[in-house]
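Residue numbers (the working numbering): 1 to 1126. Since the structure comes first, as structure tokens, the remarks are kept for the end.
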């Protein structure tokens, strides 16, 4: 105890208790690692370290190391829910990392290191003895394996009837990041480790719950759940581990700088924990231990701590605390349709929004516009998804919209280095006065355009209401056409009809004055005297009524003959009835004129297209100006913090960053919290938030969770706790959350934690996060995206009607599609009859199909020199591996595949991805194993994902006859669907150029032709016009096309929807269609059925006027070309 350093430590702790090792080292001017060793070993029993890693002199009243105060069993509903999910995760999680200690056939599956890489030594640990061999194995199979650094290591003995030996099981694990390029250094993904489940399981005395709870308890005791600035250094953590678990079977003391140089683990025959560091492979699995720690923390939160959080809303089912209405117009840096706009507005203003987005409906546009508008409004947003790829895609898209990033990615060192670069670039920028002026001008222009768009929406609504009014009035007046005849029906005079209101009663009164049957004795006597004057009065009344009666085709009885009072009354009744009917017709005629004078949908579509382009252009400039001014919004103190943080990140993420000292790392953690508060939008994967994002209630205004159909509920709870409002985005018909927890076990756990009655929808293994989001929210909080923009109509229409109830509106721009053969259908089936076999490692393979796929690739990439992107997808892993192996044997295809971004894999690898051409191998043959059929039958969502990855062409290679009779419902329907496409293409080709005569010609789809189209065709033909019926443009079949030179007119007749109210949905479909045709250079004219029937000459004249205008335009063009010498 005479060591001067030890004496200094004791004196310093006596002077100022409760200091960290780093603080003590600084106070006495010593190395922190030396200080820590003395505190742990030399002064053991004299000093005590609390849970925050602060040291003090031990006295008799202090709590002994490792002893934790007893805590009450969880009783709140949230606590029970968290414990339930912890146990589910324990059932569902990976088995941890474990491998044989010795290998009788060669080297063991691990490599021992002489020291921990982070021990402060400057050495290439990945090149150590055996390390290259292990890491090389992982690189060769990185789709299925990950590399781990483990320390310390326990040897576990295992005995079976035929074998006895030892397993190597590290106590703590660090994931190793493989370098992108050969020769680059390997590095550890995280500074601090997590416990190895395989090790904990070997020591656990109970079931999976105990393992998960021990892992969570360890995280607490080791300080892994502490605030970022208080988290320990590695050596402190490991020494703490030994101190708080003295009952474990430790065989060697821990020394990070020098791992034991005794016998190798492969020959040691005693169970226990050894001072060894190893590199070993493990199966790739969800990284859930951070989640477990956060669920444990969440279970301790009181109800008051949840108030105002999204999690609180979800638990209570009450979403009433909406902020004040947002009056700022949206920035549309990416053009949006009405549904996308509604989704963004909802997300910015209400507590809970669910966005359902089938393939190609623009979910990423919604996310990008949402994040941009949230940042613009000064909101703090956390974006999360289950996988890195989804987060990377959104980050790239959002940050690509401006000259500086606004969505900052948190994660491993790779992302930290990128973040440092972003921050430094931002600080080096400078906003000028011109930037401010440009921004203000753009903002004013933005408000003006938003007002004009709102006014255009009102105009469209008025036209829609006018159409539906005409439709209703027409239905009411329909029976009067026969009464009046066509000529009179369209020529009724409202004034003459109004005359009947007074003239008919006067006429009847005059009749009654003369009719004796209507008079008493005295009246008859008086009447005889006054007869002459009363006859005169009757004549006058008849003269007043006669113009109306004549107009309505009713003859009044002659007054010169014997007066026939009954006939007179019949005539009056007929006039009255016809006048009532005529008034209804007049109301209809007036409404029809209002409709005809209303702005047409096609004109509104043209204006909307122009305004939308102006909004997009202005929004882009407005956003760039706003981002450009970001540095000016920071104070001097904030700029210093950002600069310091960026510099420290650069230091930590350097190749030798693992050697950076504790003071630097601690400072970086403190600054990370501060910097997070300065910027609006942050992105993480759902399982990597721990330690990256402050675990504070309502820290963010909004959390946006994408791909929620694949996300489990448990991993979202800490994210919902961190935010005030939630936006959940997903598609229940694509890949879903998969759990290994059995239904029986699920039921037992639900019962155990009392969730059966009230929380059945929260079941871990049954429902995804998306499912729960839909369940807890109201109907008006769910927004469905329906405009599909990705694929050829032939590709998406099958999924549309099979999986999405026909609700998608196909709006794909065909000119943007890259297709090998434009005249073919969007889906083709190459019939290949192979044989399905089950390989030794399971699954299903079809060698003939695999070879045929290779032939298709050769034809596409080599023969046709196709310059688009290509993918090959199959439901079966074994088939994907077979095709990958065959492809590797063709260097020419491999080289061209790089140009085509060729990916050959299973469906899961293509989620969120797309290609111009997709080749699909279903594998199924006549003698397919029952297991393969069963797998396909129960995975319709996989098929939906597979076929909707294609943009321009889906090429199926397989046995169509077998598929049609496979018993797999969706596959059979798809085989029949492709057959119909082929038949339709043949029929269309046969009638592609119809023979135009006076009668409507034969067309490929006669069932779609209405009587009104036939009538209009004959009238146009008689007017010497030659409309082409059922003319196909992209995915649209036009009712008629008229072509004059380079001018083209699409004529649409509203026959299909006659006597049906036009809804917003029909209007949207028509709007999409009109906008797309206008983009392609077409003029569009829509004629309502009422116009064709009641204003046919005027309709024909409109087409004639267009033709005259088009010919005049063409003549001007020809003259200009002639003058130019062409």
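In this text, a Cβ means the ideal position worked out from N, Cα and C, and glycines have one as well.
Taking a C-beta distance under 7 Å as the contact criterion, residue 176 and residue 198 do not qualify as a contact pair. Rounded to whole angstroms, the separation of the alpha carbons of residue 153 and residue 10 is 33 Å.
Taking all protein chains in view, the Cβ of residue 158 is surrounded by fewer than 16 other Cβ atoms within 10 Å, so the residue is classified as exposed.
Between residue 835 and residue 925, the C-beta gap is smaller than 7 Å, which places the two residues in contact. Under the three-pair Cβ rule at 8 Å, the stretch 464 to 472 does not count as touching the stretch 531 to 538.
The DSSP-derived three-state label of residue 319 is coil. Apart from sequence neighbours up to five positions away, the residues of its chain that approach residue 54 with a beta-carbon distance below 7 Å are 18, 19, 20, ordered along the chain. Put simply, the stretch 778 to 789 touches the stretch 802 to 812. At least three CB pairs are less than 8 Å apart. DSSP, read as helix, strand or coil, puts residue 860 in helix. The stretch 679 to 763 is shown to contain whole beta strand (DSSP E) runs of 3 or more residues at 681 to 685, 700 to 706, 723 to 730, in chain order. For residue 163, the three-state secondary structure derived from DSSP is coil. Between the stretch 933 to 952 and the stretch 866 to 875 there are three or more C-beta pairs closer than 8 Å, enough to call the two in contact.
Collapsing the DSSP output to three states places residue 941 in a helix.
Fully contained in the stretch 584 to 672 are the following alpha helix (DSSP H) runs of length 4 or more, in chain order: 601 to 628, 636 to 652. When secondary structure is reduced to three states using DSSP, residue 1082 falls in the strand class. Within the same chain, and ignoring the five residues on either side of residue 706 in sequence, the residues whose Cβ sits closer than 6 Å to its Cβ are 385, 390, 729. Boundaries of the alpha helix (DSSP H) harbouring residue 341: 338 to 349, taken from the DSSP string.
For residue 774, the closest of 256, 920, 352, 640 by C-alpha to C-alpha distance is 352. Residue 648 is positioned such that its CB atom lies no closer than 7 Å to that of residue 827. Look at the beta carbons and you see the stretch 762 to 770 not touching the stretch 792 to 805: under three pairs across the two are nearer than 8 Å. Rounded to whole angstroms, the separation of the alpha carbons of residue 27 and residue 346 is 55 Å. By the Cβ rule, the stretch 541 to 559 does not count as touching the stretch 424 to 436, because fewer than three pairs are nearer than 8 Å. Contact check between the stretch 494 to 509 and the stretch 577 to 591: three or more CB pairs, one atom from each, fall below 8 Å, which counts as touching. By the neighbour-count definition (other C-beta atoms within 10 Å, threshold 16), residue 105 is an exposed residue. Beyond the five residues adjoining it in sequence on each side, residue 317 comes within less than 6 Å, by CB distance, of 776 in the same chain, given in chain order. Nearest in C-alpha terms to residue 732, of all of 186, 790, 796, 768, is 768.
Excluding sequence positions up to five before and after residue 236, its CB lies within less than 7 Å of the CB of 21, 36, 53, all in the same chain and listed in chain order. Around the C-beta of residue 635, fewer than 16 other C-beta atoms lie within 10 Å, and the residue is accordingly described as exposed. Classified as exposed, residue 517 has fewer than 16 neighbouring CB atoms from the shown chains inside 10 Å of its CB. Under the criterion of beta carbons closer than 8 Å, residue 889 and residue 844 do not qualify as touching, at roughly 22 Å. Residue 352 is bridged by DSSP to 726. A direct Cα-to-Cα measurement between residue 1048 and residue 456 gives close to 26 Å.
One Cα belongs to residue 331, the other to residue 624, and the distance between them is close to 11 Å. For residue 682, the closest alpha carbon among the candidates 812, 215, 408 is that of 408. In this structure, residue 918 lies away from residue 904, with their beta-carbon atoms at least 7 Å apart.
Around the beta carbon of residue 573, fewer than 16 other beta carbons sit within 10 angstroms, so the residue counts as exposed.
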